[in-house]
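Take 372 as the starting number for the sequence shown in the working numbering and just add one per residue. For each residue, glycine too, the CB sits at the ideal point set by N, CA and C.
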Amino acid sequence: MTGQDEGLEVAEILVRASDPEQFDAWRHRARATGWCAHPVRLVGITNRIDSSTGEVVGVFRSDELPDRVLLKACGHRRATICPTCSATYQADAYQLVAAGLRGGKGIPETIGEHPMLFLTLTAPSFGAVHAIRQHHGREVRCQIARGRCPHGLLRRCDSTHRPDDQRLGQPICQACFDYRGAVIWNASVGELWRRSTIAVQRQLATRVGLSREQLRESVRISYAKVVEYQRRGLVHVHTLVRLDDAADPGETPDGRFDLTLLTDAVTAAIPGVRCPSPDISVLPGPIRWGAQLDIHPISPDGAVPKSVAGYLAKYATKSTDPAGVLDHRLRAGDLDRLDQKLSPHMARMVRTAWELGALPQLEHLRLRAWAHTLGFRGHWLTKSRRYSTTFASLRAARQQWHLDHGPVEHSPTDITMGQWSYSGRGWASEGDAWLARTAAEDSRTARRVARWELAGPGASPDGRV
Ligand SMILES: [Zn+2]
Ligand SMILES: [Zn+2]
Ligand SMILES: [Zn+2]
Numbered sequence: 372m373t374g375q376d377e378g379l380e381v382a383e384i385l386v387r388a389s390d391p392e393q394f395d396a397w398r399h400r401a402r403a404t405g406w407c408a409h410p411v412r413l414v415g416i417t418n419r420i421d422s423s424t425g426e427v428v429g430v431f432r433s434d435e436l437p438d439r440v441l442l443k444a445c446g447h448r449r450a451t452i453c454p455t456c457s458a459t460y461q462a463d464a465y466q467l468v469a470a471g472l473r474g475g476k477g478i479p480e481t482i483g484e485h486p487m488l489f490l491t492l493t494a495p496s497f498g499a500v501h502a503i504r505q506h507h508g509r510e511v512r513c514q515i516a517r518g519r520c521p522h523g524l525l526r527r528c529d530s531t532h533r534p535d536d537q538r539l540g541q542p543i544c545q546a547c548f549d550y551r552g553a554v555i556w557n558a559s560v561g562e563l564w565r566r567s568t569i570a571v572q573r574q575l576a577t578r579v580g581l582s583r584e585q586l587r588e589s590v591r592i593s594y595a596k597v598v599e600y601q602r603r604g605l606v607h608v609h610t611l612v613r614l615d616d617a618a619d620p621g622e623t624p625d626g627r628f629d630l631t632l633l634t635d636a637v638t639a640a641i642p643g644v645r646c647p648s649p650d651i652s653v654l655p656g657p658i659r660w661g662a663q664l665d666i667h668p669i670s671p672d673g674a675v676p677k678s679v680a681g682y683l684a685k686y687a688t689k690s691t692d693p694a695g696v697l698d699h700r701l702r703a704g705d706l707d708r709l710d711q712k713l714s715p716h717m718a719r720m721v722r723t724a725w726e727l728g729a730l731p732q733l734e735h736l737r738l739r740a741w742a743h744t745l746g747f748r749g750h751w752l753t754k755s756r757r758y759s760t761t762f763a764s765l766r767a768a769r770q771q772w773h774l775d776h777g778p779v780e781h782s783p784t785d786i787t788m789g790q791w792s793y794s795g796r797g798w799a800s801e802g803d804a805w806l807a808r809t810a811a812e813d814s815r816t817a818r819r820v821a822r823w824e825l826a827g828p829g830a831s832p833d834g835r836v
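Here it is in structure tokens:
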């Protein structure tokens, strides 16, 4: 920021703060956004109507608010875009996952006694990449393959990589790496998952001697899943899989459907799941999961569920790339600038998705619209309908809390009717943005210190113990 801008910012803050009453009103409204980095500005009116008489019993209008606009939090999931809204999303994601593990938010606590496991599904190899490798618990050299690749590059890497090494996830040879295969695999994860749930159902049915229809009458599979990017640009799927009684999802299924049966069914089903590969010659054979399959049974004692919920919630707010370059959809003009901001490997993944997006036979994968996610389409955190609560009901509960603690009296027969339109995005001035940033930082620091004090001696202020 130049000296002139700084002068302007200070002048704007002075204007905002010069009328204490106005400033308090603005601060109250701004705080209601959680000090969002880019709030949406809305103009309009909401009438509250008594449904028995049709009488208007209350009016809420933007005209009466500071700057004549209603500020609403942007609600973005990415910390790189809005730190405060992303913290709210992360907290909601945690509640959503945790409720399906141990109850709460309208889910009975007995849910924790259902057969349940934590499953990580990986991507296969599309070419050797630099990685942290371990042998009998000791970190060892990265690549131990001999000789040279067809492009004359040494296959061997003598480094023992540290976690901050820029080379991690980068291919040993870009020309050897199957970029097309990697992008199409990311784009097929949703279909692979769908087929996996069917395969697990088949295994369950066979093992207890039921038809699939009979199985559906006895037991249901519920799940929550989160997608995480690896440094090599391929996604991993972390998922909680739970068995419920078919008639009542709050009930434990009958004794035949125990944790051993679920574990055996998943272990047998996943390696055989196949998805037809699109008709382009680069891909040998059908699409499948990687060989590495992690299955952890969840015990009802609570220790593991808590860490699993935190782990999944953290992944749900992570960006595809550390700088957040790929947080938005891309346009053709963005492609030339990728190399300045992304690693050569990630830039090539994006470009490959863009190029494949032009092929008519891959039209259904909409790879240009999903080039910024390296081909992966869909949501980061998804769940089956019966797994637990929803983001919408968590948000509604929060809004209800504000209503219940607000100044307006309202009866249960009231209905509200509103008409609102978009007037812009972001704070009204640089001065307001500065005030919001500072307040957001203050409240984050306060939360961190509170956590630190709770954690007790031995903890560090950033929350690590
Ligand atoms: Zn926001
Ligand atoms: Zn290496
Ligand atoms: Zn090569």
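- DSSP, reduced to helix, strand and coil, places Gln-541 outside both helices and strands of the structure shown, so it counts as coil.
- The set of residues with any CB-heavy atom separation to ligand 1 below 5 Å comprises, in chain order, Cys-407, Ala-444, Cys-445, Cys-453 and Cys-456.
- As summarised for the region 373-457, the continuous alpha helix (DSSP H) elements at least 4 residues long and confined to that stretch are 374-388 and 391-403, given in chain order.
- Ala-546 has its CB nearer than 7 Å to a heavy atom of ligand 3.
- Excluding sequence positions up to five before and after Pro-437, its CB lies within less than 8 Å of the CB of Gln-393, Ala-396, Trp-397 and Arg-400, all in the same chain and listed in chain order.
- A distance criterion of 7 Å places the beta-carbon of Pro-521 in contact range of ligand 3, judged by its closest non-hydrogen atom.
- Note: Arg-613 is bridge-paired with Met-487 and Ser-593 in the DSSP secondary-structure output.
- Exclusion of the five residues before and after Val-644 leaves Leu-563, Arg-566, Ser-567, Ala-570, Arg-659 and Trp-660 as the residues of its chain whose Cβ lies within less than 7 Å of its Cβ.
- Under a 10 Å Cβ-count criterion, Ile-786 is classified as exposed, with fewer than 16 other Cβ atoms of the shown protein chains found around its own Cβ.
- Every residue whose Cβ sits closer than 6 Å to any heavy atom of ligand 2 is listed here in chain order: His-501, Cys-513, Gln-514, Cys-528, Ser-530, His-532 and Arg-538.
- In the DSSP annotation of this structure, the continuous segment of the alpha helix (DSSP H) that includes Leu-632 starts and ends at 630-640.
- DSSP places Glu-599 in the strand class (E or B) of the three-state scheme.
- Taking the Cβ of Leu-524 as the reference point, at least one heavy atom of ligand 3 falls within a distance shorter than 7 Å.
- Contact between the region 726-737 and the region 696-715 is absent, with fewer than three C-beta pairs closer than 8 Å.
- Of the other Cβ atoms in all chains shown, 16 or more fall within 10 Å of the Cβ of Gln-466; this residue is therefore buried.
- Annotation for Ser-794: Arg-412, Leu-413, Val-414 and Val-440 place their beta carbon closer than 7 Å to its own, counting only its chain and skipping 5 residues before and after.
- The Cβ atoms of Leu-472 and Val-679 lie closer than 8 Å to each other.
- Within the same chain, and ignoring the five residues on either side of Arg-719 in sequence, the residues whose Cβ sits closer than 7 Å to its Cβ are Gln-545 and Tyr-550.
- In this structure, Tyr-594 lies near Lys-754, with their beta-carbon atoms less than 8 Å apart.
- 8 Å or more divides the Cβ of Asp-536 from the Cβ of Arg-512.
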